[in-house]
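Here's the structure, in structure tokens; my notes come after.
Take a look at the structure:
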């Protein structure tokens with residue numbers, strides 16, 4: 034899939050998500066880059082949720098906003114290794130994963146963060 038087709042697919046799927054679930058989000062960004070995990074470079078991040086976090090005592094996070102990013106290069110790298118790679122399915126799954134991070138942050142929850150950390154712990158133990 035080309036980058037342009039990836040962007041179109043991501044935007045189409047994004048538009049299918051009801052607006053009430055995207056409340057407080059300032060955007061979906063589709064980036065062309067490959068995104069290795071900073072701690073485990075052999076793992077690729079397909080998406081990330083950017084949350085400004087708790088405001089500092091100085092009001093440090095005002096105006097940054099909440100965003101979801103998808104990394105085309107990471108999807109392309111996985112697809113290169115698997116001829117049956119389901120581009121649309123993986124984009125949809127990643128969008129929903131990052132959207133869940135957003136919804137949990139609005140509720141001051143970190144359940145999915147904890148699941149992600151547990152999955153990373155299991156990955157490290159299996160090496």
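Residue numbers (the working numbering): 34 to 160.
Just so you know, even glycine gets a beta-carbon here, dropped at the ideal spot from N, CA and C.
Here the structure is a predicted model, which is why all the values come from computation and not from measurement.
Best match in the options for proximity to residue i [C-alpha to C-alpha]
i, options, result
"residue 69", "110, 143 and 43", "110"
"residue 42", "108, 99, 144 and 77", "108"
"residue 62", "82, 75, 50 and 73", "82"
"residue 50", "144, 124, 153 and 152", "124"
"residue 77", "136, 60, 112 and 84", "112"
"residue 60", "141, 149 and 131", "131"
"residue 58", "136, 146, 157 and 144", "136"
"residue 167", "84, 65 and 56", "With the chain covering 34 to 160 only, the question about residue 167 has no answer from this structure."
"residue 40", "117, 149, 52 and 121", "121"
Buried or exposed (CB count within 10 angstroms, at least 16 for buried), residue i
i, result
"residue 127", "buried"
"residue 80", "buried"
"residue 73", "exposed"
"residue 54", "exposed"
"residue 139", "exposed"
Residue(s) in a DSSP beta bridge with residue i
i, result
"residue 98", "Looking at the DSSP assignment, residue 98 forms no beta bridge with any residue, so it has no partner."
"residue 104", "64"
Three-state secondary structure assigned by DSSP to residue i
i, result
"residue 80", "strand"
"residue 150", "helix"
"residue 118", "coil"
"residue 60", "strand"
"residue 180", "The chain is shown from 34 up to 160; residue 180 falls before or after that span and cannot be answered."
"residue 155", "helix"
"residue 131", "helix"
"residue 123", "helix"
Residue span of the alpha helix (DSSP H) that contains residue i, given as start and end
i, result
"residue 67", "Taken as a continuous stretch (DSSP letters only), residue 67 belongs to no alpha helix (DSSP H), as it is neither H nor E."
"residue 43", "36-49"
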